[in-house]
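Protein sequences, first through last, are from chains A and B. When the count follows this note's numbering, it moves up by one through the first sequence with no breaks and lands on 10 for the last residue. When the count follows this note's numbering, it moves up by one through the second sequence with no breaks and lands on 215 for the last residue. A short worksheet on the structure shown next.
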Amino acid sequence: ITSPSTKDEL
Amino acid sequence: MNAFRLAGDITHLISILVLLLKIYATKSCSGISLKTQELYAVVFLARYLDLFTDFISVYNSVMKVVFILSSVAIVWCMRRHRAVKRSYDKELDTFRHYYLVGACFVFALLVHEKFTFQEVFWAFSIYLEAVAIIPQLVLLQRSGNVDNLTGQYVFFLGAYRALYILNWIYRYFTEAKFSRWIACISGLVQTALYADFFYYYFLSWKNNAKLNLPA
């Protein structure tokens, strides 16, 4: 799972 | 992933394809600012440092590679390709873009989400992207008339971040813990910079006239 701080946008 | 963000990414990709089409089809980069292209290459290299560390999705990784490779290829082409570099408006593209890089980096050292190498470079890339279009807009003002492909390139480039703003509004209302204030504020500044270009672009489209920006 991606931590909330991970940038999932380009 | 929501429709606004997907539309934004596709619009961004279209802007890059239009620019590549212009350069390869006309073998010319007249009206294109090399400095803006260099700034975009720095933006993507600084932002996608997590390319090999955080895997989000195949789509995310593929698009990151496409944006990095295309922006570097465009800079390389404008600097090295004999025919293309001859058409570069060197004497018009004189904006001091190094100041933009320095100012954004200092600002990222001051304002970021976390003081880590990756987060500071991410904030730097967000700020730099907001102002990266300035040399291009200055070049368009100086060169007056804008050829169709260049106009479409700048239009799609501006439209993509406007779609991202809709994406952030949507995510704010649908996701409990969504807070992307650095990107939101920079995105608003970035889109505002295009405001007068959008105005003249709309006028030229409405009057079916050539796009020319007042000097």
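The C-beta atom is built at its ideal place from N, Cα and C for all residues, glycine as well.
Asn-148/B in three-state terms, based on DSSP = The residue labelled residue 148/B in the question sits at position 148 within the second sequence. In the structure shown, the three-state DSSP call for Asn-148/B is helix.
If you draw a straight line from the alpha carbon of Ile-68/B to that of Leu-49/B, how long is it in whole angstroms?
-> Numbered from its first residue, the second sequence carries residue 68/B at position 68. Numbered from its first residue, the second sequence carries residue 49/B at position 49. Leu-49/B has its alpha-carbon roughly 11 angstroms from the corresponding atom of Ile-68/B.
Test: Met-63/B CB closer than 7 angstroms to a CB of chain A = Position 63 of the second sequence, counted from the start, is the residue given in the question as residue 63/B. Flagged as an interface residue toward chain A: Met-63/B, by a C-beta distance shorter than 7 angstroms.
State buried or exposed for Thr-2/A, treating a residue as buried only when at least 16 other CB atoms are found within 10 Å of its CB.
-> The count along the first sequence starts at 1 and reaches residue 2/A at position 2. Low confidence applies here, because Thr-2/A scores a pLDDT of 43, under 50, leaving its location unreliable; read the following figure in that light. So Thr-2/A ends up on the exposed side.
Three-way DSSP call (helix, strand, coil) for Ile-1/A in this model = Along the first sequence, one-based indexing puts residue 1/A at 1. Its pLDDT being 42, under 50, Ile-1/A is placed unreliably in this model, and the coordinates cannot settle the point.
CB Ser-30/B to CB Asp-89/B, shorter than 7 angstroms?
-> Position 30 of the second sequence holds residue 30/B. Position 89 of the second sequence holds residue 89/B. If you check the CB distance, Ser-30/B and Asp-89/B come in under 7 angstroms.
Do the CB positions of Leu-149/B and Lys-22/B come within less than 7 angstroms of each other?
-> On the second sequence, residue 149/B is found 149 positions in, with the first residue counted as 1. On the second sequence, residue 22/B is found 22 positions in, with the first residue counted as 1. Taking 7 angstroms as the Cβ cut-off, Leu-149/B and Lys-22/B qualify as a contacting pair.
Short check: CB of Thr-36/B to CB of Ala-132/B, under 7 angstroms?
-> Within the second sequence, the letter at position 36 stands for residue 36/B. Within the second sequence, the letter at position 132 stands for residue 132/B. In this structure, Thr-36/B sits near Ala-132/B, with a CB-CB distance shorter than 7 angstroms.
CB contact below 7 angstroms: Ile-185/B versus chain D | Structure shown: chain D not included; protein chains present are A and B.
Proximity test, Cβ basis, 7 angstroms: Asp-89/B and chain A = The count along the second sequence starts at 1 and reaches residue 89/B at position 89. Residue contact with chain A for Asp-89/B: absent (no Cβ-Cβ distance below 7 angstroms to any residue of chain A).
Sheet register partners of Asn-212/B (DSSP bridge) = Working through the second sequence from its first residue, we reach residue 212/B at position 212. In the DSSP secondary-structure assignment, Asn-212/B is bridged to Asn-145/B.
Counting only the same chain and skipping the five closest in sequence on each side, list residues whose C-beta sits under 7 angstroms from that of Arg-47/B.
-> Taking the second sequence and counting its residues from 1, one reaches residue 47/B at position 47. Only Trp-122, Ser-125 meet the Cβ criterion.
Buried or exposed (CB count within 10 angstroms, at least 16 for buried), Arg-79/B | Position 79 of the second sequence, counted from the first residue, corresponds to residue 79/B. The residue in question, Arg-79/B, is exposed, as its Cβ has fewer than 16 Cβ neighbours within 10 Å.
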